[in-house]
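Participant: Numbering (the numbering used here), first residue to last: 149 to 294.
We put the beta carbon where it would ideally sit given N, CA and C, even for glycine.
#1: Can you give the beta carbon distance from residue 154 to residue 225, rounded, assuming they're within the 8 Å contact cut?
#2: Should residue 246 go down as buried or exposed, given a rule of 16 or more other Cβ atoms within 10 Å for buried?
#3: Roughly how many angstroms separate the alpha carbons of residue 235 and residue 218, rounded to a whole number?
#4: My assumption, with CB atoms under 8 Å, is that residue 183 sits in contact with residue 292. Please give the rounded CB distance.
#5: For the beta strand (DSSP E) holding residue 164, just list the boundary residues, first then last.
#6: Quick one: what's got a C-beta closer than 7 Å to residue 167's C-beta in the same chain, skipping five residues either side?
#7: In chain order, what residues of the same chain lie with their CB nearer than 7 Å to the CB of residue 162, ignoring the 5 residues before and after it?
#8: Give me the Cα-Cα distance between residue 228 and residue 263, rounded to the nearest whole angstrom.
#9: Helix or strand or just coil, what does DSSP make of residue 188?
#10: With residue 199 and residue 178 assumed to form a contact (beta carbons below 8 Å), what rounded beta-carbon distance in angstroms separates them?
#11: For residue 216, tell me which candidate among 237, 201 and 208 has the shortest Cα-Cα distance.
#12: Can you find the residues in the same chain that come closer than 6 Å, C-beta to C-beta, to residue 288, ignoring five residues on each side of it along the sequence?
#13: Could you compute how far the alpha carbon of residue 210 sits from the alpha carbon of residue 220?
#14: CA-CA distance, residue 208 and residue 252?
#15: Measure the alpha-carbon distance for residue 255 versus residue 160 and round it to whole angstroms.
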């Protein structure tokens, strides 16, 4: 699988790329010397926990975690996996996807509610950002072999 252009710029030049579930990728990372750059990528739901487990199993010290938005195949933004970064991104750039037909009204209402909470500095805005961090499927972890 390939890395979206929006995320490719974050990869160290000589980083070994590994996907969870690929034994060949795992073997290649395990053979790297200590300190070698590694990038772990996943495009499925639950990727946050899966990549953290994968990093631990491969002996990768995590330096940075990113989410790829809105989806891996339509990557437009790559943001730090951090509630404050995502809260800023959502409050600044969030919009209902133009090609969404089913559920558009529900998405519009939820987005407007979230934006009003964020504008008022209400606690619900932080919760929404944390939930987004958990459910975003596209994720990239940059680290080095320990």
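Facilitator: The short version:
#1: 7 Å
#2: Exposed: under 16 other Cβ atoms inside 10 Å.
#3: 14 Å
#4: 5 Å
#5: Boundaries of the beta strand (DSSP E) around residue 164: 164-166.
#6: 149, 173, 189 and 190
#7: 185
#8: 20 Å
#9: Assigned with DSSP and collapsed to three states, residue 188 falls in strand.
#10: Actually they are not in contact, since the Cβ atoms of residue 199 and residue 178 sit about 16 Å apart, beyond 8 Å.
#11: 237
#12: Within the same chain, Cβ atoms closer than 6 Å to the Cβ of residue 288 are found at 155, 189 and 214, the five residues on either side in sequence being excluded.
#13: The C-alpha of residue 220 is placed about 21 Å away from the C-alpha of residue 210.
#14: 40 Å
#15: Approximately 36 Å between the Cα atoms of the pair.
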